[in-house]
Amino acid sequence: MSTYHNFIDGKWTLSRSGTVFENRNPADRDDLIGVFQQSSPADAEEALAAAARAYRSWRLVPAPKRAEVLFRAAQIIEQRKEAFARDMTREMGKVLEETRGDVQEAVDMTYFMAGEGRRQYGQTVPSELRDKFAMSVRQPLGVCSVITPWNFPMAIPSWKIVPALVCGNTVVFKPATLTPLSAVNFVKVLEEAGVPPGVVNLVTGGPDVGTRLSTHDEVRVVSFTGSTSVGRTVNQNAASGCKKVHLEMGGKNVIMLMEDADLDLAVDGCVWGGFGTSGQRCTAASRVVVHERIYDAFLEAFSARVRSLRVGNGAESGVDMGPSVSEAQRNTVQEYVRIGTHEGATLVTGGRALTTGAWARGWFHEPTIFGDVHPRMRIAQEEIFGPVVSVIRCRSLDEAIAIGNDVPYGLSASIYTRDINKAFTAMRDLYTGIFYVNAPTIGAEVHLPFGGTKTTGNGHREAGTAALDVFSEWKSIYLDFSGRLQRAQIDT
Ligand code: NAD
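One rule links them: number in my numbering = place in the sequence shown (from 1) + 739.
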């Protein structure tokens, strides 16, 4: 059995706590992947001190040189894509095709951000005074805490760590306890690519480590992706230190199907959007709002397709949907099936935990559809994070938009229609951070901003050049070459 370590100041080390936690395959709980350090706040402090020391020199490395290290990292991830994808399927369950996509996202993000090493443009503007020069430059902030969830175990860390590095910051990274192996794989690549000691540190462990990373004086940025409830706590913990807090949290995303939609295309989109990653995506299409004229035809075609999905170990070929990530997550799914039934929604298909045969070894659940869902039911309002889709009837585009917006979250939305007027109206009126036309709610690309409104986020975005705004601050610089005192706003 393998024992994995923390990475602090360029060395792979044991936790001071002397304790470890197990990482098991959610498709087969007899499969023990390894044990990882159950770190203590003291380990986090050691990592933060190393990051603070390393910042003194890393911030002075020219950005194009920092980028060269990242280009090498992208190449290494690309070379190991298949092995990393297999490790990821083993530790969190999504099918291989999807874990390959997750690793590819890290490759794309790392190349993209390495390119930013030669950009990071500022402004030069005319001064209002003679013989004076005015410009703005991006500057790094210092030590960044990176706290991530388990559902995109390599993509999400890359979205945070790589832009932080190219801007000249240093990082302490705490991954989710369910996916520490993908974190180790990613950090090993950065080490091999030549990231200097202390610039990236990895500390595995739970909420006490996360709390220290959100509160410590040394930390200037906390970049968090996870649930809204934990995100709120992180925000509160970081507030008194006036830290920059970047939050990416829950979602309750909607696909709207208008009466003129291409039905086959829409069914494809709803199956992929609703049941990809077993519904465990922040952008999962957990609500489908359907025009009453096509409601019956859609529900029949959608449920037929969903009944034919093959559920199993994501490492096996031919499997469409893997397990829930853990027993707790499957229990949550079961609880929402009870809630939906109790609320009076119609259970169209699924609804049961899969506990027979090979399924008995993991946390499998049937893909589940509820019909006749009222938009205010809990199953249509709360994030379930499992293979459960609520189908809601509507009578018009206006009603679909109103239902779409009537949730506490605002991450992603989509519309299927052949009417350009409807598409543009919905594109304008859905208050989300991401919007799709004739495609499901998932499928973001790394060079555009990613994030959400309302309780999904706090106004920041990751990915694209927007990520540079999280990991840098503006400095405005004035150079006076007149040789005399010139007073802005006075000597006009
Ligand atoms: P989670 O909130 O339980 O955990 C996220 C991370 O926070 C983990 O590393 C966890 O150990 C850590 N943590 C827990 N308590 C903490 C504390 N008190 N202080 C600091 N850190 C703490 O989320 P999860 O179950 O890992 O992931 C699922 C959630 O993530 C869903 O709600 C999903 O919507 C969300 N998510 C959002 C996005 C997005 O971009 N908006 C992307 C992926 C996942």
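From the three backbone atoms N, C-alpha and C, an ideal C-beta is built for every residue, glycine too.
Pick from Arg1100, Ile1118, Val1064 and Val808 that is closest to glycine 1090, judged by C-alpha positions: What you label residue 1090 is simply residue 351 of the sequence shown in a count that begins at 1. When only C-alpha atoms are compared, the closest one is Ile1118.
Proximity below 9 Å, CB of valine 948 to CB of serine 779: Taking the sequence shown and counting its residues from 1, one reaches residue 948 at position 209. Taking the sequence shown and counting its residues from 1, one reaches residue 779 at position 40. Pairing valine 948 with serine 779 gives a Cβ-Cβ distance under 9 Å.
Integer-rounded CB distance, given that alanine 824 should sit under 8 Å from leucine 835: What you label residue 835 is simply residue 96 of the sequence shown in a count that begins at 1. What you label residue 824 is simply residue 85 of the sequence shown in a count that begins at 1. Taking the Cβ atoms as the reference, leucine 835 lies roughly 6 Å from alanine 824, within the contact range of under 8 Å.
Nearest to glutamate 844 (by Cα), restricted to the options Gly856, Pro1106 and Trp898: Position 105 of the sequence shown, counted from the start, is the residue given in the question as residue 844. Closest option to glutamate 844, Cα to Cα, is Trp898.
Touching by the beta-carbon criterion (3+ pairs, under 8 Å), the stretch 763 to 778 and the stretch 878 to 893: The stretch 763 to 778 is not in contact with the stretch 878 to 893.
Heavy atom of the ligand PLP within 8 Å of valine 969 beta-carbon: In the structure shown, the ligand PLP is absent; the only ligands present are the ligand NAD.
For serine 1063, the nearest candidate out of Thr1195, Pro1126, Thr838 and Pro946 (CA to CA): Counting from 1 along the sequence shown, the entry for residue 1063 is found at position 324. Residue nearest to serine 1063 within the set Thr1195, Pro1126, Thr838 and Pro946 is Pro1126 (criterion: CA-CA distance).
Tryptophan 1213: CB within 8 Å of a non-hydrogen atom of the ligand NAD: Locating residue 1213 in the sequence shown gives position 474, counting from the first residue. Flag unset: Cβ of tryptophan 1213 not near the ligand NAD.
Spatial distance of threonine 918 from phenylalanine 1109 (CA atoms): Taking the first residue of the sequence shown as 1, we reach residue 918 at position 179. Taking the first residue of the sequence shown as 1, we reach residue 1109 at position 370. Distance from the CA of threonine 918 to the CA of phenylalanine 1109, rounded to the nearest whole angstrom, comes to 30 Å.
Simplified DSSP assignment, three categories, for leucine 771: The residue given as residue 771 occupies position 32 in the sequence shown. Leucine 771 falls in the strand class under three-state DSSP.
Own chain residues within Cβ distance below 8 Å of valine 1185, not counting five before or after: Taking the sequence shown and counting its residues from 1, the one referred to as residue 1185 is at position 446. Taken in chain order, the residues that qualify are Glu844, Asp847, Met848, Phe851, Trp898, Ala1202 and Gly1203.
Residue from Trp1098, Leu799 and Pro1114 whose Cα sits closest to the Cα of glycine 1083: Taking the sequence shown and counting its residues from 1, the one referred to as residue 1083 is at position 344. Nearest to glycine 1083 by C-alpha distance, out of Trp1098, Leu799 and Pro1114, is Pro1114.
Heavy atom of the ligand NAD within 8 Å of aspartate 1201 beta-carbon: Stepping through the sequence shown from its first residue, residue 1201 is reached at position 462. Reading off the sequence shown, one finds glutamate at residue 1201, where the question assumed aspartate. Shortest gap from the CB of glutamate 1201 to any heavy atom of the ligand NAD: under 8 Å.
DSSP three-state assignment for serine 979, whether helix, strand or coil: Residue numbering aside, residue 979 sits at position 240 when the sequence shown is read from its first letter. Coil at serine 979, not helix or strand.
heavy atom of the ligand NAD below 8 Å from alanine 915 C-beta: As a working note, residue 915 is residue 176 in the sequence shown. In this structure, alanine 915 has its CB closer than 8 Å to one or more heavy atoms of the ligand NAD.
Cβ contact check for the stretch 1132 to 1143 and the stretch 779 to 799: 3 or more pairs under 8 Å: The stretch 1132 to 1143 makes no contact with the stretch 779 to 799; the number of CB pairs closer than 8 Å stays below 3.
Any C-beta of chain B under 9 Å from that of valine 1029: Absent from the structure is chain B; it holds one protein chain and no more.
Spatially closest choice to leucine 1004 from Phe1041, Leu1218, Lys982 and Ala922, by CA coordinates: As a first step, residue 1004 must be located in the sequence shown, where it is residue number 265. Checked all of Phe1041, Leu1218, Lys982 and Ala922; the closest Cα to leucine 1004 is Phe1041.
For glutamate 830 and phenylalanine 1103, the rounded distance between their alpha carbons: On the sequence shown, position 364 is the one that residue 1103 refers to. On the sequence shown, position 91 is the one that residue 830 refers to. So the two alpha carbons sit approximately 14 Å from each other.
Burial state of glycine 1198, where buried means 16 or more other Cβ atoms lie within 10 Å: By one-based count along the sequence shown, residue 1198 stands at place 459. When all chains shown are included, glycine 1198 counts as exposed.
Beta-carbon gap between phenylalanine 1124 and glycine 1013 smaller than 9 Å: In the sequence shown, residue 1124 corresponds to position 385, counting from 1. In the sequence shown, residue 1013 corresponds to position 274, counting from 1. It is not a contact, given that the beta carbons lie outside the stated cut-off.
Segment contact flag, the stretch 1136 to 1150 with the stretch 1177 to 1197, C-beta cutoff 8 Å, min 3 pairs: The stretch 1136 to 1150 is in contact with the stretch 1177 to 1197.
Cα-Cα separation between glycine 1061 and proline 892, rounded to whole angstroms: As a first step, residue 1061 must be located in the sequence shown, where it is residue number 322. As a first step, residue 892 must be located in the sequence shown, where it is residue number 153. Cα to Cα, the separation comes out at about 16 Å.
Check: proline 946 C-beta below 8 Å from any heavy atom of the ligand NAD: Looking up residue 946 in the sequence shown gives position 207. With a cut-off of 8 Å, the C-beta of proline 946 is classified as near the ligand NAD, since at least one heavy atom of the ligand falls inside that distance.
Chain-order list of residues whose beta-carbon lies under 7 Å from that of leucine 787 (same chain, five-residue window excluded): Position 48 of the sequence shown, counting from 1, holds the residue named residue 787. Once the five neighbours on either side are set aside, the close Cβ partners of leucine 787 are Val882, Val911, His955, Glu957 and Val958.
Terminal residues of the alpha helix (DSSP H) in which alanine 845 lies: Mapped onto the sequence shown, residue 845 falls at position 106. Where alanine 845 is concerned, the enclosing alpha helix (DSSP H) stretches over 835 to 855.
The stretch 853 to 862 contacting the stretch 871 to 879, beta-carbon criterion three pairs below 8 Å: Two segments are said to touch when three or more pairs of C-beta atoms, one from each, lie closer than 8 Å; by this definition the stretch 853 to 862 touches the stretch 871 to 879.
Simplified DSSP assignment, three categories, for glutamate 957: On the sequence shown, residue 957 is found 218 positions in, with the first residue counted as 1. Looking at glutamate 957 - three-state DSSP - the assignment turns out to be coil, as it is neither helix nor strand.
Cβ-Cβ distance between alanine 1054 and threonine 828 below 9 Å: As a first step, residue 1054 must be located in the sequence shown, where it is residue number 315. As a first step, residue 828 must be located in the sequence shown, where it is residue number 89. Cβ atoms of alanine 1054 and threonine 828: closer than 9 Å.
Three-state class that DSSP yields for cysteine 883 in the structure shown: Locating residue 883 in the sequence shown gives position 144, counting from the first residue. Reduced to three states, the DSSP call for cysteine 883 is strand.
Touching by the beta-carbon criterion (3+ pairs, under 8 Å), the stretch 981 to 996 and the stretch 960 to 972: Touching, yes.
Whether alanine 1023 touches isoleucine 1181 by CB criterion (9 Å): Start at 1 with the first residue of the sequence shown, and residue 1023 comes out as number 284. Start at 1 with the first residue of the sequence shown, and residue 1181 comes out as number 442. In contact: alanine 1023 and isoleucine 1181 (Cβ atoms closer than 9 Å).
Residue range of the beta strand (DSSP E) that includes methionine 995: Mapped onto the sequence shown, residue 995 falls at position 256. For methionine 995, the uninterrupted beta strand (DSSP E) segment begins and ends at 993 to 996.
Through-space distance from tyrosine 794 to leucine 929, alpha-carbon basis: On the sequence shown, position 190 is the one that residue 929 refers to. On the sequence shown, position 55 is the one that residue 794 refers to. Answer to the nearest angstrom: the Cα atoms are 16 Å apart.
Whole-angstrom C-beta distance between glycine 1172 and glycine 1196, which should lie under 8 Å: Along the sequence shown, read from residue 1 onward, the residue named residue 1196 stands at position 457. Along the sequence shown, read from residue 1 onward, the residue named residue 1172 stands at position 433. Between glycine 1172 and glycine 1196 the Cβ distance is about 7 Å, and since that is below 8 Å, they are a contact.
Endpoints, the beta strand (DSSP E) within which valine 864 is located: Along the sequence shown, one-based indexing puts residue 864 at 125. Note, valine 864: beta strand (DSSP E), 862 to 865.
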